[in-house]
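S.K.: Note that full-length UniProt numbering gives residue 81 to position 81 of the sequence shown, counting from 1, and the numbers run on in steps of one. Think of the CB as a built atom: it goes at the ideal place given N, C-alpha and C, for glycine as much as any other residue. Could you have a look at this structure, given as C-alpha cells, before my questions?
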Amino acid sequence: MARRRKRKSRRRQEGRRILEHVPQYSIESGEEKPVTAARKFIQAENIAPPALLLVKRNEHTTDRYFWAEKGLFGAQYVEENHFLFPSLRTLEAPVGSEPVAVASR
C-alpha cells in the first residue's frame with residue numbers, strides 16, 4: 001500500500017514564513033517544565049514581544065513558544081492563527097512588493 005502525503009496547510013505555511021522574521025532565542029529547560037523555563041527566561045532577560053523561544057527539553061525534543069503581547073502561546077497555534085496577533089501584522093506584508101497601478105480609460 002502506498003503512503004499518502006500529508007496535506008500542507010497554506011495558512012500554516014504563511015504563518016511559518018511570518019515567524020521566520022521574529023527574533024528567536026534557544027534555551028534549555030533543565031529540570032523545569034519547558035513552559036516554566038520559557039517564562040523564567042523571558043522574565044530574566046526582559047524580552048519584548050514578539051519573540052520565538054525554542055526550549056530544548058531533551059536531546060530529541062524541542063518545544064517552540066511564541067511570546068506575544070497577550071502572553072505565551074504554542075508556536076504551532078500561532079502559525080495557524082497568525083492573523084489574530086497584531087504584532088505579526090506588520091511582518092505580514094511582503095517586503096519589496098509594491099501595489100501595481102492599473103491605468104483605466
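1) Taking only the alpha-carbon atoms, compute the straight-line gap between LYS40 and LEU53 and give it to the nearest angstrom.
2) DSSP on VAL35, reduced to helix/strand/coil?
3) Kindly indicate which residue of GLU14, GLU28, ALA48 and SER9 has the alpha-carbon position closest to the one of LYS70.
4) Can you look up THR90 in the DSSP assignment and give me helix, strand or coil?
5) By alpha-carbon positions, which one of MET1, LYS8, GLY15 and ARG3 ends up nearest to PHE66?
M.R.: By the coordinates alone:
1) 12 Å
2) helix
3) Check the Cα spacing between LYS70 and each of GLU14, GLU28, ALA48 and SER9: the tightest is with ALA48.
4) helix
5) GLY15
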